[in-house]
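Asks: Remember, the working numbering sits 19 above the position in the sequence shown when you count from 1. Think of the CB as a built atom: it goes at the ideal place given N, C-alpha and C, for glycine as much as any other residue. Sharing a structure here in structure tokens format.
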Amino acid sequence: MKKRVLVVSDNVTLCNAFQKLIAAYQEAEVVYAYSYTNKNFLSNKGLEVKARSICIKEEVESLVGRYDLILSLHCKQLFPAALVKAVKCINVHPGFNPYNRGWFPQVFSILNGMPFGATIHEIDELLDHGGIIAQRKISGEIWETSMDIYNKIVQAEIMLLEEFLPTILNNTYTIVSPTVEGNVNLKKDFNALCHLDLSEAVTMGQAIHRLRALTHGDYKNAWFEHPETGEKIYVSINLEKEEKQK
Ligand code: 0FX
Numbered sequence: 020m021k022k023r024v025l026v027v028s029d030n031v032t033l034c035n036a037f038q039k040l041i042a043a044y045q046e047a048e049v050v051y052a053y054s055y056t057n058k059n060f061l062s063n064k065g066l067e068v069k070a071r072s073i074c075i076k077e078e079v080e081s082l083v084g085r086y087d088l089i090l091s092l093h094c095k096q097l098f099p100a101a102l103v104k105a106v107k108c109i110n111v112h113p114g115f116n117p118y119n120r121g122w123f124p125q126v127f128s129i130l131n132g133m134p135f136g137a138t139i140h141e142i143d144e145l146l147d148h149g150g151i152i153a154q155r156k157i158s159g160e161i162w163e164t165s166m167d168i169y170n171k172i173v174q175a176e177i178m179l180l181e182e183f184l185p186t187i188l189n190n191t192y193t194i195v196s197p198t199v200e201g202n203v204n205l206k207k208d209f210n211a212l213c214h215l216d217l218s219e220a221v222t223m224g225q226a227i228h229r230l231r232a233l234t235h236g237d238y239k240n241a242w243f244e245h246p247e248t249g250e251k252i253y254v255s256i257n258l259e260k261e262e263k264q265k
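Right, dumping it as structure tokens:
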């Protein structure tokens, strides 16, 4: 009998990459879904899968029994305990567990020096916490912004999927449980980082790290308040390493 797999993802790059990888496995029947809060998901340019909207907490009963495996490829919803206890649920996470679990791991790793990387793990009731199936560390350079590092992390996630998908599908992987709990960052921690207090005294190094952690393409992350009008002034940083003459 074919393995019934539900992929819940809010990330187009990962959905497309997964579809290519799974094509080699005739024994899997895959359905794609995206978060009901992610209203514009289907209008993403380049999306190559057919997907439906899902509110996981409202569908727990019907998901149990309907799927053998549920994969989260950056799904923005928390999986309810009742679901993870009843169905094998696996998460592909853009961080090196158990360090900086939760929101935007590379942003926090730039600031606290913890490792960057990607992790595939079983989902339990805690955030980015279950037994680790596979993980890969990646390097971050001092001239790289959040986006530069994030792009490398997504490539590492795809490589891990390519390597471990067979064992995930036939349930022959082994897991390692981290010996420490690590740390968790939430969306509110990221939002707090974004507010730059003009009277805060920091070293130049701290200021540069804060800005490269908050520079990610066109996102308006870091801001300070205009001292007279109170308007937000957004800040990002441009870093460029010199080209060495050969
Ligand atoms: O999908 P994702 O890459 O990941 C996030 C969490 O970091 C992750 O722990 C969780 N498992 C997953 C479900 O959600 O998030 P994203 O596509 O919204 O953002 C990708 C990167 O873009 C993020 O790491 C930092 C950057 N970003 C994103 C937003 C929305 C910003 O710098 N500012 C933003 O406002």
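So does Q174 have its beta carbon nearer than 7 Å to some heavy atom of ligand 1?
Replies: As a first step, residue 174 is located in the sequence shown; it is residue number 155 there, counting from the start. Every heavy atom of ligand 1 is 7 Å or more from the Cβ of Q174, so no.
Asks: Please say whether E182 and A153 have beta carbons closer to each other than 8 Å?
Replies: Working through the sequence shown from its first residue, we reach residue 153 at position 134. Working through the sequence shown from its first residue, we reach residue 182 at position 163. A contact, by the Cβ cut-off of 8 Å.
Asks: Does the pairing of the segment 102-119 with the segment 143-157 give three or more beta-carbon distances under 8 Å?
Replies: yes
Asks: Going by the beta-carbon positions, is the gap between E144 and V103 smaller than 8 Å?
Replies: Locating residue 144 in the sequence shown gives position 125, where the first residue counts as 1. Locating residue 103 in the sequence shown gives position 84, where the first residue counts as 1. Their beta carbons are under 8 Å apart, which means E144 touches V103 by this criterion.
Asks: Based on the DSSP secondary-structure assignment, which residues constitute the bridge partners of Q154?
Replies: Residue numbering aside, residue 154 sits at position 135 when the sequence shown is read from its first letter. Bridge partners of Q154: T138.
Asks: Could you tell me the distance, in whole angstroms, from the CA atom of R155 to the CA atom of K21?
Replies: Walking along the sequence shown from the start, residue 155 turns up at place 136. Walking along the sequence shown from the start, residue 21 turns up at place 2. Taking the straight line joining both Cα atoms gives about 30 Å.
Asks: Could you say which of A70, G65, K69 and S54 lies nearest to E77 if we only look at CA atoms?
Replies: In the sequence shown, counting from the first residue as 1, residue 77 sits at position 58. Just measuring C-alpha positions, the residue of A70, G65, K69 and S54 sitting nearest E77 is S54.
Asks: Would you be able to state if there are at least three C-beta pairs under 8 Å between the segment 40-48 and the segment 60-72?
Replies: no
Asks: Going by beta carbon distance, what residues of the same chain come within less than 8 Å of V195, once the five residues before and after it are set aside?
Replies: Position 176 of the sequence shown, counted from the first residue, corresponds to residue 195. Within the same chain, Cβ atoms closer than 8 Å to the Cβ of V195 are found at G150 and I151, the five residues on either side in sequence being excluded.
Asks: Would you call R229 buried or exposed, if buried means 16 or more other Cβ atoms sit within 10 Å of its Cβ?
Replies: On the sequence shown, position 210 is the one that residue 229 refers to. Classification for R229: buried.
Asks: Determine which residues share a DSSP beta bridge with S28 and list them.
Replies: Working through the sequence shown from its first residue, we reach residue 28 at position 9. Beta-bridge annotation (DSSP): S28 is paired with L92.
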